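Protein chains in written order, with my numbering: chain Y, 6 to 213; chain A, 65 to 804. Glycine included, each C-beta is placed from N, C-alpha and C at the ideal position. Since the structure is predicted, the reported quantities are computational estimates derived from the model, not experimental observations. Everything below concerns the one structure shown next.
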Amino acid sequence: MAELAFFIDYSRCIGCRACVQACEECDTHRGRSMIHLEVIERDDSVQTAPQVCMHCKDPICARVCPADAIKQTPDGVTQSALKPRCIGCSNCVVACPFGVPRYYADIDQMMKCDYCYDRTSVGKRPMCATVCPSQALAFTTLEEIQRTRRGKPVARFTFGEEAVETKVFVVVPEGTRDLRPSLVQIGAGSEREAPHPSYDVADLLEQT
Amino acid sequence: MARLPVPVVDLVKRFGPHAQREPAGGWSTRGEPDRLVKTHCCFCGQQCGIQLKVKADKVIGFEPWEDFPFNQGKLCPKGVKRYLQDASPDRLLSPLERVEGEGFREIAWDAALDRVAGEIRRIQGQHGPDAFAVLTGASLTNEKAYLMGKFARVAVRTANIDYNGRLCMVSAGAASKKVFGIDRSANPWSDIPKAEAILVAGSNVAECAPITTEYLWQARENGAKLIVLDPRLTPIARTVDLFIPVRPGGDIGVFNAMLHVMIERGWIDRRFLAEHTTGWETVEETVRRYTPEVGARIAGVPPALIVKAAEIWGPAHSSFLLHARGIEHHTKGVENCLAALNIVLATGRIGREGCGYAMITGQGNGQGAREQGQKCDQLPGSRDIENPEHRRTIAEVWGVPEPSIPRKGLSAVPLVEAIHDGRIKGLLLICFNPMVSLPDQRFVGEALERLEHFTVIDFFLSETAHFADVVLPGSLMEEDEGTTTNVEGRVIHHRRAVPPPAGAREDWRIICDLAARLGAGDKFAYRDTRAIFEELRVASRGGISDYSGITWERIDAEKGVFWPCPSIDHPGTPRLYEGPRFGHPDGKAHLHAVEWRPAAEEPDQEYPVILTTGRVVAHYLSGTQTRRIGGLVDQTPEPYCEIHPRLAARHGIAKDDFVKVESRRGAVIVRALVTTTIRPDTVFVPYHWPLTRAANRCTNRAIDPVSNIPEFKVCAVRLSRAERPDDAIARLAPEAGGVR
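Dropping the structure here:
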């Protein structure tokens, strides 16, 4: 059987938060959700974006950890900080280009999406991707994604000069060459320069 | 004497809603379940398959059920968190009776049932049989829906029984019956991804039917073009090929003008129309006047959008129409659906793979609960209560003389009006929370206060139960065995995961016990709910919704069976109208020409803005269940007023300000959600909350003349910036009607 992999397709997301609610229900999470569901700019859009850990091949969070608390499994899953080692410095929180790790003061530990390791390591699909009603989050084979979707799965991102390869794929529109995400500070004015389709209903009504 | 015995704040303190955030015993002690029970979500008509984790007779969590074909493991947040209602501290564990000045006092089951039966007979003795009414719900299983219809006609012997599906599926159902002779979605969901063109009319699929999203996206991956018709830019609308931001109530402008363009361009299947339909000539004549410009004026959108819709829909080889409450919650709800069905039939694209239409059922058993005879005009098997032959059939099944079956009674809104004006004096209510869900809340409250006797069966003390004289603690879906019928017409099996907690009883036992006290025990001597289903099968035989070939064993083995299924060896009917052969005796579909007309209350100088209401994804109906589930409360704690920045600016309203939304009937004060994703002439407030946070304080109780659905989607309001409310109700938790 072909290997199962994780795919995110932001264009499918409907912001229902089933992923967030289901992540809390994973037995090892005990009510704490590790997935982030970002509401982009509700003032002028309904766009939302789910963010699981991308599980970088060479995880930046682990590289910057001064306490060597962040470990990768042999099959490439980057785990939450080890409780006895984590010193709560939040280097990983700041360094992650995808904004995934989060420091929880109540338990003095960084926790993050761990690919539902208790499930995926025994052949079950992760909670979030199993329940996702829009299948913006999908856990299936690369062949199945290529067969059933028009978009192209990509697992290589370039941030400035740095290329990051990940275990998790993002499905991008056909014809996208490479992914070079850039930082946009919401509310600082710089988002106006970013590509920005109009979701203003008043504009639609004034079209001729 | 159905007034609140003590102030509402005191009732909330004792009975909730309190938001339950952890499973029974807490997160850390949850551990491994004793067993997994394959069943279905209790919320919404999608009825997703789910496995409930059970430990020591408590539901402690869930596991996706990936083999169930409809949702394949997918769930929305309501399904994910549904199990938490089992741990709610608000659960009613004893019958209660109202005590003036004290609240509610626990009483024994026998005393409670004796009192209810006594009040039914006293009121009927004094004021006639129809002075006692029964209101029910569409979240009941098929078995319970069947039982309630029989209970009202055979045990209580009242004509006045109706159900809250009156607020949901009746416009769609009436239109479907008029056009096709059958009230059911025409196609299984597996046809959606096979369509080239899809029109979603008045359905916020992402929030109200989330699982359907993947079917739409899969169609798009396959190359389909998607059109969405909605006053709000919903999550689905954000990325579709064509979004038409229609003015609430302007849908006929779009449908008729689309048809106008399709006729002009020759995208009409005239051979199909001639051979398999009636009424086309009048439709063609009518839509001749609906040029894109005329349609656009009615719809409040640019004509180019309507032309583009026709250009997507007209030439496609296959197509699928989905419609829901957005076009149905109108005083012309049935006409809106008829106009939508005209564009389906004009192309002849129905009754084939990838070609057809569906109405998206709202409530859990929105489909099945409207077939088993708890509607005021209906008997089991979707039979007509005024049809002599249908009456004889059911009288025989029930073992009663045909004349003893009452005639057609009042539908929900007129029934509440009859309570208000004193014609109905007593009410038994189950699975319905009109003090959140009915329009014109002040009027509904006044009506309930005039009842001489009011009994409520519920598992939590709903805002409506606050008014009760007697409350009987019933059962959750996971505590009883039965069937429902999903949005596709697929009959499915809800398994019992746990027994009701000590003190509560299965709803059907309560009804049978009451029937016995009313002298009809021999007609309600069921051993279990399977026995009710077996009788339902017999009663439905030969009816439109024929379940006679469906058994619980077949449902389990085949993962659901689609009605009609007239015999054990019949495979069931996932797709209707193949051939094509429609449900009318002539085998044809009957088109109806429709002219647009205004809503009962259009905006004017005094009330210049349209209020439209609806759901959010985290809550279900009146919130009796979901406002008690922590994760869902936290996701959407309170209602809000979605308002375009232009309209907000005119009223000096900024983001997160409180805004007073006021109609001729009442007002609600909620936070403003200022966003460009709604028409500037319309505001939206979701309706799941009670008291001074109830959107239905504003809505209009005008109803469609055919379906009797209220006009939830259009009423006239004015807006003003308000101070943060600080009264006793505002200080309650948001799930109880307060503000954060």
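For residue i, the three-state DSSP class (helix, strand or coil)
i, result
"residue 319 of chain A", "helix"
"residue 310 of chain A", "coil"
"residue 432 of chain A", "helix"
"residue 160 of chain A", "strand"
"residue 137 of chain Y", "coil"
"residue 108 of chain Y", "strand"
"residue 11 of chain Y", "strand"
"residue 188 of chain A", "helix"
"residue 383 of chain A", "strand"
"residue 648 of chain A", "coil"
"residue 149 of chain A", "helix"
"residue 51 of chain Y", "coil"
"residue 784 of chain A", "strand"
"residue 141 of chain A", "helix"
"residue 79 of chain A", "helix"
"residue 442 of chain A", "strand"
"residue 214 of chain A", "helix"
"residue 279 of chain A", "helix"
"residue 542 of chain A", "helix"
"residue 354 of chain A", "coil"
"residue 24 of chain Y", "helix"
"residue 585 of chain A", "helix"
"residue 517 of chain A", "strand"
CA nearest to the CA of residue i, picked from the options
i, options, result
"residue 650 of chain A", "A:339, A:743 and A:468", "A:339"
"residue 205 of chain Y", "Y:14, Y:50, Y:42 and Y:28", "Y:50"
"residue 299 of chain A", "A:271, A:278, A:470 and A:351", "A:271"
"residue 67 of chain A", "A:127, A:173, A:293 and A:533", "A:533"
"residue 350 of chain A", "A:760, A:657 and A:530", "A:657"
"residue 256 of chain A", "A:117, A:219, A:390 and A:285", "A:285"
"residue 702 of chain A", "A:787, A:402 and A:758", "A:758"
"residue 114 of chain A", "A:259, A:137, A:714 and A:220", "A:137"
"residue 574 of chain A", "A:556, A:544, A:251 and A:263", "A:544"
"residue 166 of chain A", "A:192, A:70 and A:139", "A:70"
"residue 369 of chain A", "A:400, A:740, A:319 and A:791", "A:319"
"residue 570 of chain A", "A:495, A:603, A:643 and A:454", "A:495"
"residue 346 of chain A", "A:406, A:387 and A:463", "A:406"
"residue 503 of chain A", "A:625, A:678, A:386 and A:567", "A:678"
"residue 582 of chain A", "A:559, A:327, A:81 and A:177", "A:177"
Anticipated Cβ contact below 8 Å, residue i with residue j, distance rounded
i, j, result
"residue 322 of chain A", "residue 281 of chain A", "Not quite, the Cβ-Cβ distance comes to about 24 Å (not below 8 Å), so this is no contact."
"residue 393 of chain A", "residue 748 of chain A", "Not confirmed; about 13 Å, so no contact."
"residue 484 of chain A", "residue 510 of chain A", "6 Å"
"residue 431 of chain A", "residue 109 of chain A", "6 Å"
"residue 79 of chain A", "residue 154 of chain A", "6 Å"
"residue 551 of chain A", "residue 23 of chain Y", "Not a contact, Cβ separation roughly 18 Å."
"residue 600 of chain A", "residue 219 of chain A", "That belief does not hold up - the Cβ atoms of residue 600 of chain A and residue 219 of chain A are roughly 17 Å apart, past 8 Å."
"residue 686 of chain A", "residue 497 of chain A", "4 Å"
"residue 636 of chain A", "residue 556 of chain A", "That pair is no contact at about 12 Å."
"residue 135 of chain Y", "residue 128 of chain A", "5 Å"
Same chain, Cβ closer than 7 Å to residue i, neighbours up to 5 away in sequence not counted
i, result
"residue 446 of chain A", "247, 435, 607, 608 and 609"
"residue 38 of chain Y", "25, 28 and 29"
"residue 710 of chain A", "744"
"residue 76 of chain A", "796 and 800"
"residue 183 of chain A", "490 and 517"
Close Cβ partners of residue i (< 6 Å) along its chain, the five nearest in sequence each way excluded
i, result
"residue 402 of chain A", "239, 656 and 658"
"residue 73 of chain A", "792"
"residue 331 of chain A", "378 and 379"
Beta-carbon proximity list for residue i, same chain, < 8 Å, skipping 5 on both sides
i, result
"residue 50 of chain A", "Lying before the first or after the last residue shown, residue 50 of chain A is absent from chain A, which here runs from 65 to 804."
"residue 199 of chain A", "225, 226, 227, 228, 476, 479, 491, 492, 493, 494, 496 and 498"
Of all the residues that make up the region 245-268 of chain A, which are near chain Y by a beta-carbon distance shorter than 7 Å? none
Name, going along the chain, the residues of the region 682-716 of chain A whose beta-carbon falls closer than 7 Å to a beta-carbon of chain Y. 695, 699, 708 and 710
By the 7 Å beta-carbon criterion, what residues does the region 107-141 of chain Y contribute toward chain A? 135, 136, 137, 138, 139 and 140
Please name the residues in the region 766-797 of chain A whose beta-carbon is closer than 9 Å to at least one beta-carbon of chain Y, in chain order. Answer set for the region 766-797 of chain A: empty.
Chain-ordered residues of the region 60-81 of chain Y with a beta carbon less than 9 Å from chain A: Against chain A - using a Cβ distance shorter than 9 Å - the region 60-81 of chain Y contributes no residues.
If contact means a Cβ-Cβ distance below 8 Å, which residues of the region 140-170 of chain A contact chain Y? Result list: 140, 141, 143, 144 and 145.
Select from the region 284-303 of chain A all residues with a C-beta closer than 9 Å to any C-beta belonging to chain Y, and list them in chain order. 284, 285, 286, 287, 295, 296, 297, 298, 299, 300, 301, 302 and 303
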